[in-house]
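Student: Just dropping this structure here.
Numbering (this note's numbering), first residue to last: 61 to 176.
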């Protein structure tokens with residue numbers, strides 16, 4: 061499964077960013093570590109959805125995610141694992157592989173099927 065992790069620094073041992081849209085870097089990685097790349101976050105945050113979907117992301121592991129991004133990614137079929145704080149990208153992937161992270165189904169303020 062291809063994962064996206066927002067990071068504070070440009071390596072796997074960096075802490076996850078507290079807020080998805082404020083990340084400095086984005087790690088795209090296969091959960092078996094077979095392929096990975098780190099991309100500098102775009103200056104224009106409205107480009108984040110394109111960045112994530114164009115990298116064939118299947119799941120996002122993050123601290124917080126805003127309702128607009130949540131709605132877009134859920135509609136795109138991307139699973140979201142939020143509420144993950146104070147750990148490195150490597151530890152987040154380990155927890156994901158061990159089934160220790162819970163998929164987020166809804167966030168307060170999300171459109172819930174309404175047009176934005």
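Glycine is no exception: its CB is placed at the ideal position from the N, C-alpha and C atoms.
1) Would you check if the distance between the CB atom of residue 89 and the CB atom of residue 63 is smaller than 9 Å?
2) Look up residue 119 in the DSSP assignment and give the residues it is bridged to.
3) Specify the secondary structure class of residue 153 as computed by DSSP and reduced to three states.
4) Could you give the distance in angstroms between the alpha-carbon of residue 136 and the alpha-carbon of residue 70?
5) Going by DSSP, name the residue or residues bridged to residue 90.
6) Residues in its own chain within less than 6 Å of residue 118 by CB, not counting five upstream and five downstream?
7) Which residue from 107, 156, 72, 128 puts its Cα closest to that of residue 120?
8) What does a CB cutoff of less than 7 Å around residue 152 pick up in its chain, not counting 5 residues either side in sequence?
9) Between residue 86 and residue 123, is the Cβ-Cβ spacing less than 9 Å?
10) How many Å lie between residue 165 and residue 111 at the Cα?
11) Quick one: grab the DSSP three-state call for residue 74.
12) For residue 137, verify whether its CB is less than 8 Å away from any heavy atom of the ligand MN.
Tutor: So, from the listed chains and residues:
1) yes
2) 63, 139
3) helix
4) 26 Å
5) 62
6) 61, 62
7) 156
8) 65, 76, 121, 144
9) no
10) 22 Å
11) coil
12) In terms of ligand content, the structure shown is empty, and the ligand MN therefore cannot be addressed.
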